[in-house]
Structures are given as structure tokens and as C-alpha cells.
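Structure first, then comments.
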Amino acid sequence: MISEISGNLSAFNKKLKEIVDKEIQNKSEVLIDKTQDLFFDICKGTPIKTGHARKNWFMKVDEPDSKIISKEENEDISRSQAIREAEKDNEKAADIKFNIKENDSIYIYNNVPYIRKLEDGSSKQAPSGMVALSLAKFSREMK
Numbered sequence: 018m019i020s021e022i023s024g025n026l027s028a029f030n031k032k033l034k035e036i037v038d039k040e041i042q043n044k045s046e047v048l049i050d051k052t053q054d055l056f057f058d059i060c061k062g063t064p065i066k067t068g069h070a071r072k073n074w075f076m077k078v079d080e081p082d083s084k085i086i087s088k089e090e091n092e093d094i095s096r097s098q099a100i101r102e103a104e105k106d107n108e109k110a111a112d113i114k115f116n117i118k119e120n121d122s123i124y125i126y127n128n129v130p131y132i133r134k135l136e137d138g139s140s141k142q143a144p145s146g147m148v149a150l151s152l153a154k155f156s157r158e159m160k
């Protein structure tokens with residue numbers, strides 16, 4: 018009888034561990050999905066004149082880098098074409114299935130020199146900025 022209880026307890030513990038591991042994986046996937054949504058919200062909220070600022074949003078695990086897509090690479094194009102191009106580039110940048118481990122960080126960043134001015138409302142297209150608004154939405158959705 019004791020060995021039967023012990024065997025059942027071992028099976029129970031194994032099943033419980035499987036459930037907990039699956040729940041942790043599910044929460045990680047939700048966090049990744051919501052972080053990608055945050056990235057897209059920030060990108061879409063970024064004002065467009067040439068598309069340069071919007072094309073320079075990146076998302077990376079572990080640490081950001083100093084990458085900037087140059088203005089030469091980002092030729093002067095129409096506003097609607099700039100929007101389409103920037104969205105396509107941002108989708109590629111975020112179309113990553115991260116292998117996130119506990120305590121890893123995901124960075125969303127933009128290295129263009131005037132990004133802070135845009136966030137502070139220098140553009141009539143986004144007078145309230147884009148990052149703070151997107152983070153507030155993210156925070157509400159994560160509650």
C-alpha cells in the first residue's frame with residue numbers, strides 16, 4: 018500500500034511539474050506576443066515625414082545595439098510609401114520567436130538623434146509622443 022501511494026505521489030508530482038512548466042511557457046508566449054504588440058504600437062505611432070524614424074525601431078533580446086538605418090538607405094519617398102516600407106521593415110524586425118530565459122530582457126529601441134524630440138511631441142502627427150502612450154496601453158493589457 019505504501020509503495021502504491023508513493024508511486025501515485027510520484028506520478029502526481031510529475032503531472033504537476035508538467036502543468037507548471039506548460040503554464041510558464043504559456044505566460045512567456047503571452048509576454049512575447051504582447052511585447053511584439055508594444056513594438057508595433059510604438060512603430061505605428063511614430064510620426065512619418067520620410068519614414069526614417071519609424072524604420073529605425075528595433076527589438077532585441079539581451080542588449081540593444083547602436084544600429085541606425087542611414088537616411089541614404091532610407092531614400093526620400095512619398096509619405097504613404099514610407100509608411101508601407103517602415104511597417105514592412107518593422108514586421109521583419111519583430112518576426113522573431115525569442116528563446117527567452119528567466120531574467121532575459123527584451124529591448125525596444127531607436128537610435129536616431131531626434132527620437133526624444135518626437136517622443137516629447139515635436140510632431141503634430143504625434144503631439145503626445147508614441148512610447149509613453151504605447152507603454153500605458155501595454156500596462157493596461159498586462160493587468
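Numbering (the working numbering), first residue to last: 18 to 160.
Glycine included, C-beta positions come from ideal geometry on N, C-alpha and C.
For Val78, DSSP records a beta bridge to Ile123. Restricting attention to Phe57, Gln42, Asn127 and Thr52, the CA atom closest to the CA of Ser156 is found in Thr52.
For the pair Ser151 and Asp58, the CB atoms are nearer than the 8 angstroms cut-off.
In this structure the region 25–36 does not lie against the region 120–127, because fewer than three pairs of beta carbons, one per stretch, are closer than 8 angstroms. The C-alpha of Gln42 is placed about 24 angstroms away from the C-alpha of Phe75. DSSP places Met147 in the coil class of the three-state scheme, outside both helix and strand.
Rounded to whole angstroms, Ser83 and Pro130 show a C-alpha spacing of 11 angstroms.
Val148 counts as buried, since at least 16 other C-beta atoms from the protein chains shown sit within 10 angstroms of its C-beta.
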